[in-house]
Each structure stands twice: as structure tokens, then as C-alpha cells.
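In UniProt numbering, the protein residues as written are 1 to 174.
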């Protein structure tokens, strides 16, 4: 499986990872604030259509000491994103709006033997958002994979900077 985000439609990115199960464990890392904070963002989430979503990003907390954000990243110290759950079919599907930009992210969990395939689809992205979203998801997923495998996760900003160059080149041709 290729780890890189794929542009599956002009405004849609998709990433997949095969994760150690069971599906309920992965669902908890998507929906429980304390577990989600270890790889993405903390915050409450109403697990029903229409439920409020608040994601409190603290990327520096996912980074090693001394690993700092590039100067142009306004969200280096933290950012809050608000959204609304559009679909929730526990423990297999969760979708919600992503901030005020009109995009939407969908998480699909499919059991495969003792593993779980996580598919993330982020749709309704504009040209400038694609690089940022692809880089962010790829970086956050690398941290999730490490968390689930109980190994030391990569430092957020170091990996993000490395991946950003790749995605800027890859997605500028699309």
C-alpha cells in the first residue's frame, strides 16, 4: 500500500492505512478526545448527525523538543477547528465538516483479519488546501501508526516539513 495521499477527484484526497485492530480500538482513537490528542487533536465530538466537532490542534506537543514549525505556519502554537458531524455509523464510519472552508472528511474502518483498513477521504478542497491537507493527514497518520504499534512516533514538524516538499511537487501538477 502506498502511504501517500492520492488525488481521487479534482477536489478530493484519499489516504489509506492498515492498522492493528480491532476496529473498536481504531474507532476510539478517532472519537475519544484523549486518544485522538495523541495523534491528531483533542476536543469534544458529538457522535451523531448534527453533533458538534471541536478539534484543538497542538502540533508542538506532537514534536520533539527543538523541532519547530516553519515560520510560515500560523498554527504552530495551536489552532481550533470547528465542524459538524454529517454521518456517524459506529464503529465503521464517521464524517464531519472541516472548519469553515466547506470541506468534509470521512473516516471508514473496514476489518481485515486482525487488522483494520482506515480510509480517509477529504473532499471539497481548493487548490491551495490540497498540499496542506495531504501533508497534514500523512504526518498525523504516521504518528497514529506509531501510537498503535507502541513505538516512538516521528516528530511532527520534522516529518511535516519533509512531506510538504513532496506534496507541493506532486500536487502542483494536478
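Yeah, the Cβ is synthetic: ideal placement off N, Cα and C, and Gly gets one too.
Apart from sequence neighbours up to five positions away, the residues of its chain that approach residue 121 with a beta-carbon distance below 6 Å are 14, 106, ordered along the chain. It is roughly 35 Å from the alpha-carbon of residue 51 to the alpha-carbon of residue 170. By the 16-neighbour rule on beta-carbons within 10 angstroms, residue 139 is buried. The residue from 142, 160, 161 with its alpha-carbon nearest to that of residue 152 is 142. As the crow flies, the alpha-carbon of residue 53 is around 9 Å from that of residue 98.
In terms of CA proximity to residue 7, 133 leads the group 133, 81, 157.
DSSP, read as helix, strand or coil, puts residue 108 in strand. Judged by their CB atoms, residue 46 and residue 85 are nearer to each other than the 7 Å cut-off. Residue 28 counts as exposed, since fewer than 16 other beta carbons sit within 10 angstroms of its beta carbon.
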